[in-house]
Amino acid sequence: MKEQKAAFASGNEIAAVAVRQIGYDLMGYYPITPSTQIAENLDLMRAEGKTDLIMIAAEGEHSAAGICYGASVGGGRVFNATSANGLLYALEQFPVQSGTRYPMVMNVACRTVSGPLSIKGDHSDIMYMLNTGWLILFAHTVQEVYDFNIMALRLSESVNLPAVVAFDGFFTSHQKRRCMCFAEDSDVRAFIGEKKETYPFFDIEHPVTVGSYMNEPDLINNRYQIHQAMEDARCGLSKLFAEYGEFSGRLYHEWEGYCQEDAKTILILLGSSYDTALEAVDVLRQSGKKVGVVTLHVLRPFPADEICEACMSAERILIADRQDSYGAGGGNLSLEIRAALQKKGCSVKVKSLVYGLGGKDFYVEDAIRMFEWAERDDTPDFEYYGISAGTALEERDFFAPLTRDKTAVGATRVEETESGITVSGGTLNATAAVPKRLAPGHGACPGCGIPVNLNLLLRAIEDPVVLLFQTGCGMIVTTPYPKTSFKVPYLHNLFQNGAATLSGLAEICYRKQKKGEIPPGDIVFIMVSGDGGLDIGMGSAIGTALRGHRLLLFEYDNGGYMNTGYQLSYSTPMGARSSTSHLGKNQYGKTFFHKDMPQIMAAANIPYVATAAESNPPDFIKKAAKAAWYAKNEGVAYLKALSACPLNWNDRPDKERDVIGAAVDCCFFPLYEVEHGKTSLNYDPEKTGKKIPVVDWLSMMGRTKHLCREEYQEIAQELQKEVDRRFQCIKEKV
Amino acid sequence: MESVRLPVVNQSGYYEIRLESIGGLGANLCGKMMGELGTKYMGLNSASFSSYGSEKTGTPVKAFIRYCEASKDIRVHSPVTTPHLLGIFHDALIQDHGIFSGCNSDSIVVMNTENNLEDPCAAANNIPSVKCVFTVPAQKIAIETHSRINVVMLGAMAKASGFIPIESVNKICEETLGRKYPQTLSNNLEGIRRGYNEVKRVELTLTGRTEISSEKETEAWGYQTAPIGGVNPRFGSSVISDLSASRQGYFPFFLKERCINCGLCDSACPDMVFQFQKGEYRGKEMMVNTGLDYYHCKGCLRCVSVCPVQALVKGVESEHPDKQWFLPNQDLIRVPDYYEAAGPDGYVTSESYLTEKRIEGGEI
Chain U
1 MKEQKAAFAS GNEIAAVAVR QIGYDLMGYY PITPSTQIAE NLDLMRAEGK TDLIMIAAEG
61 EHSAAGICYG ASVGGGRVFN ATSANGLLYA LEQFPVQSGT RYPMVMNVAC RTVSGPLSIK
121 GDHSDIMYML NTGWLILFAH TVQEVYDFNI MALRLSESVN LPAVVAFDGF FTSHQKRRCM
181 CFAEDSDVRA FIGEKKETYP FFDIEHPVTV GSYMNEPDLI NNRYQIHQAM EDARCGLSKL
241 FAEYGEFSGR LYHEWEGYCQ EDAKTILILL GSSYDTALEA VDVLRQSGKK VGVVTLHVLR
301 PFPADEICEA CMSAERILIA DRQDSYGAGG GNLSLEIRAA LQKKGCSVKV KSLVYGLGGK
361 DFYVEDAIRM FEWAERDDTP DFEYYGISAG TALEERDFFA PLTRDKTAVG ATRVEETESG
421 ITVSGGTLNA TAAVPKRLAP GHGACPGCGI PVNLNLLLRA IEDPVVLLFQ TGCGMIVTTP
481 YPKTSFKVPY LHNLFQNGAA TLSGLAEICY RKQKKGEIPP GDIVFIMVSG DGGLDIGMGS
541 AIGTALRGHR LLLFEYDNGG YMNTGYQLSY STPMGARSST SHLGKNQYGK TFFHKDMPQI
601 MAAANIPYVA TAAESNPPDF IKKAAKAAWY AKNEGVAYLK ALSACPLNWN DRPDKERDVI
661 GAAVDCCFFP LYEVEHGKTS LNYDPEKTGK KIPVVDWLSM MGRTKHLCRE EYQEIAQELQ
721 KEVDRRFQCI KEKV
Chain Y
1001 MESVRLPVVN QSGYYEIRLE SIGGLGANLC GKMMGELGTK YMGLNSASFS SYGSEKTGTP
1061 VKAFIRYCEA SKDIRVHSPV TTPHLLGIFH DALIQDHGIF SGCNSDSIVV MNTENNLEDP
1121 CAAANNIPSV KCVFTVPAQK IAIETHSRIN VVMLGAMAKA SGFIPIESVN KICEETLGRK
1181 YPQTLSNNLE GIRRGYNEVK RVELTLTGRT EISSEKETEA WGYQTAPIGG VNPRFGSSVI
1241 SDLSASRQGY FPFFLKERCI NCGLCDSACP DMVFQFQKGE YRGKEMMVNT GLDYYHCKGC
1301 LRCVSVCPVQ ALVKGVESEH PDKQWFLPNQ DLIRVPDYYE AAGPDGYVTS ESYLTEKRIE
1361 GGEI
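If you read the sequences in order, they're chains U and Y. Those letters in the first sequence? Residues 1 to 734, per the working numbering, in order. Those letters in the second sequence? Residues 1001 to 1364, per the working numbering, in order.
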């Protein structure tokens, strides 16, 4: 047994430790709760020089999985971590990874899949992996997250199939527990061994083609090879467990059980609930009830024989699923165990309960009730546990609907004249008469810029509006069920396809109006996105722009994935610290320049592109009114506002307008518009003598103020140069 | 290491602690430190976690800690429902029925309050039957020592618990905070020391105090009553949320006679606090600032910063129990029956070094 030391860590923290100790080459990732901390912890270790892991923050999970695939084809040891919708977005890549037989390890901190959006834990994501040809280990404790990560890579490389280490989001990923880790990284590396490449890709003397086009005679054979590899893994598992047992002192099996040997009633659960249920067994055994509990450590290859053996003594089995395969009469765990029992010819009575969805807590009492439920003859074979019929909520409206007569107060007027679209009125005082489309009581942080920018946008628009939000802080804080802050029609769709969704929504409205099914009259369709939504959603936004639907894309750019704890987005300033761009002796913060989304959109040749800042309200209101006009009459308008995030910019909530003003004055965020391809600069700090160095702005925020220090001078100068260069480009276009 | 003896454990063998706080006061880190010190310095096994949700400040947060003998595994993953020790980080929280949930006459409650009332719980509608209440002016001590509320509370809870040695608390502070913010370590140690020394037991009179009911019957949609698909027809319903607890001691004080109705406050406010109505100002018909909706003001003071004429100034909340110019949202067509304290979600999704630093208020 190798020397070990005790740590007090969460599942995510310990996964990062395992990754560091194993000495992976590369991690391709995209932040998603609750798995993000793994990348965050590794980034911190990178910054401190504790690992030389290459970390690539992709612009979405689909790309992250692609990065991992490329790196594994190249012969690197590769790691990824994701959850829920991120896993589903990347799903297409997974059968390619296994089908072309490249090993790697991915951790899945299991979380429920949208929608409606929830970020809490259940097993609805991991079950999508069952048919991908990946090995799947499931850890129910922090200790197992560590151990399984070490075993997974060896298993993966031994059969040339990629492997998942799954564990409960939050319950395991975030709860801190005592956990043993190997004292020496070298021991871990020795256990895993050298990586062997079957077909070294960079062997120029022996070039290979990876990713053939295959027809019907061949594909089935390729699939059979995957099946064989799974069977090899099945055979190899017991040896691996035994070796690891000797190596660590912790002997695992395909399954784990408690008091199951003589149990008449067995409860089978996956993940952290297993541990909770152990307490229930102790309680029930005290009153003489012969109950036991079983969990699985391996989902692929599925240990059918072993699980049947585990349940040999049982007269009744209750399988508790933390997800449902709707319409199938149980979750996937149930279906597989039922099939396994049938295979063995067991006649045991089996029931299934779907429980704990969306992270609904599982208490000892719940496990006790489940046992009681299993033992009763009058309970059905399949049911949901923990649902409630509910009561009626008061339905009287709090507000009058915001019909046109309420909002069209005439405070801002837009006209088409010979010289173009002109806006008159639009003062702050006059537009205060436009009722707010957003009700108060939303949960944004004190001083948050998102509602400020939304209100500045919407006070300029007097037509009815329809809002669509991509995932982000803006939607999370405004729609905490059963409340909503929106007083107008609102739709949330995924993080990456809001613009596309709005295209469909708008086109149906226009069609219905044409057919006379709904009243005519302008409606302004607005997509709202921020928190990095135009990284992952850029393709969809550009596609929408190129198609030219009549709608408005509004970006509140807070420069990071703020809703998940501030990971870097592509619009984070270079040098800024974030949870995935730490500061340390080996890293100075984010290593590349901020994305220039307005210019990207301008290159799509849409009728109207503009930037606006709350520090200049009249300009903001004017542009918002113009953007709405173009969205109604011509095609896609894109408006971007820099949006303050006091929590993550790490500055004072009350000073945010000054911070935004400084971003404008230093030309990091120039105020300009591109109207039918014609650029005009709306505010030139050089001319008014207000121009300040970029460091003056950076010094106002905790996330960037280190750049004022001598040691980071070079970075600050580089950023200054880039900002100046971009500003001159705009000026040249004027 | 010599094991600390737990004074009491529940049926399953755990000593359980729950911290009730709002985002920004450092309960999450405090919980982590309490968990860690169990394993590392008290010879116990321990576990800790916080309530999770989207990342934001000012919303209710809970942290949970479990201790047991070192030889025993901690198997339970669910939140602490019947705490032996309850830490309350903000006295505004005692208005909320739920925070005492699961306490019984043996529970120890440690409360951050400067309130010197005989019964600090008297303000709450639901007076718990807790016998053992300690109070500590943690905010005041934190300000005086340039430390954080969470370390003061940590010291106070250590004392009140009767078994957490101050030496182990100091050690964990040195290890956790000392490594991350070495320049503030001595302040934090002083905060702990004063929390430990200044926490005091409050004698409670038992008249009129009742057992806490476990769960209040609440109205909620369920599978029979909820609109399908999660569709929510209650437009604007967040207005029933009372966000006053987000304010951290300060609020915008309105001096109407100075106001020029420029509307800058309204343009800078994230929370629709300003109630502009048609009116007259200096003989001119215009929109006029008629008041502030303090139910929804989170105290960010953006409006104070942008006001060009100091018609809005930073006021100390405790000096103004009755706020002048308090006007509920003017667009309401009926007054909601109630304003609920907002935010069922906590905010902790991320516990990286950087996040902690931000949430713990570092480096502003």
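Where is the CB? At the ideal position from N, CA and C, for every residue including glycine.
Put simply, the CB of U/Y683 is far from chain Y, with every gap to its CB atoms at 8 Å or more. Three or more pairs of CB atoms, one per stretch, sit closer than 8 Å, so the region 493–505 of chain U contacts the region 527–542 of chain U. Look at U/M127 here: in three-state DSSP terms it is helix.
Between the alpha carbons of Y/L1086 and U/L87 lies a distance of about 39 Å.
For U/N12 against U/S173, the beta-carbon gap comes to about 5 Å, under 8 Å, which counts as contact.
A direct Cα-to-Cα measurement between U/D147 and U/F79 gives close to 16 Å.
Non-local C-beta neighbours of U/S72 in its own chain, meaning closer than 8 Å and more than five positions away in sequence, comprise V78, Q97, Y102, P103, M104 and P162, ordered along the chain. If you draw a 10 Å sphere on the C-beta of U/V659, you find 16 or more other C-beta atoms in it, and that means buried. Relative to U/E686, the option among U/L698, U/D665 and U/F202 whose CA is nearest is U/D665. The three-state reading of DSSP puts Y/H1077 in coil, since its state is none of H, G, I, E or B.
Taking 3 residues as the minimum length, the beta strand (DSSP E) runs contained wholly in the region 1005–1039 of chain Y are 1015–1022, in order along the chain.
U/D654 and Y/Y1339 have their alpha carbons spaced roughly 26 Å apart. Under the 8 Å criterion on CB atoms, Y/W1325 is classed as non-interfacial with respect to chain U.
Inclusion of U/I192 and U/V283 in the CB contact set at 8 Å is not warranted, their separation being larger than that value. Interface criterion met: the Cβ of U/A439 is under 8 Å from a Cβ in chain Y.
Using a CB distance cut-off of 8 Å, Y/A1138 does not count as an interface residue toward chain U. Among the CB atoms of chain Y, one or more fall inside 8 Å of the CB of U/A389. Contact note: U/V452 reaches chain Y through S1267, A1268, C1269, P1270 and R1302, using a C-beta cutoff of 9 Å and chain order. When secondary structure is reduced to three states using DSSP, U/W134 falls in the coil class, being assigned neither helix nor strand. Counted as a single uninterrupted DSSP element, the beta strand (DSSP E) harbouring U/Q4 occupies residues Q4 to A9. U/A310 sits in a helix when the DSSP states are folded into three classes. Using a CB distance cut-off of 8 Å, Y/R1201 does not count as an interface residue toward chain U. The CB of Y/I1074 comes closer than 7 Å to the CB of R177 in chain U, given here in chain order. In this structure, the beta-carbon distance from Y/E1190 to Y/T1145 falls below 8 Å. Nearest to U/Y89 by C-alpha distance, out of U/S158, U/G75 and U/I126, is U/I126. The alpha-carbon separation between U/K195 and U/N160 amounts to approximately 11 Å. Counting only residues of its own chain and dropping the five nearest sequence neighbours on each side, U/I266 has a CB closer than 6 Å to the CB of Q260, G292, V294, C311, A314 and I317. By the C-beta density criterion, U/L219 is exposed, having fewer than 16 other C-beta atoms within 10 angstroms. One thing to note: Y/C1259 has its Cβ no nearer than 8 Å to the Cβ of Y/A1220. Considering only U/R547, U/W649 and U/G689, the residue with the shortest C-alpha distance to U/G702 is U/W649.
Listed as beta-bridge partners of U/G532 by DSSP are no residues whatsoever. Rounded to whole angstroms, U/S124 and U/L551 show a C-alpha spacing of 34 Å. Residues of the region 655–681 of chain U that bring their beta carbon within less than 8 Å of a beta carbon in chain Y comprise K655, E656, R657 and D658, in sequence order. By the criterion of a C-beta distance shorter than 6 Å, U/S579 is surrounded in its chain by E40, G565, Y566 and Q567, once the five residues flanking it on both sides are discounted. In the DSSP assignment, U/N648 falls outside any beta strand (DSSP E), carrying neither H nor E. Rounded to whole angstroms, U/D275 and U/A166 show a C-alpha spacing of 16 Å.
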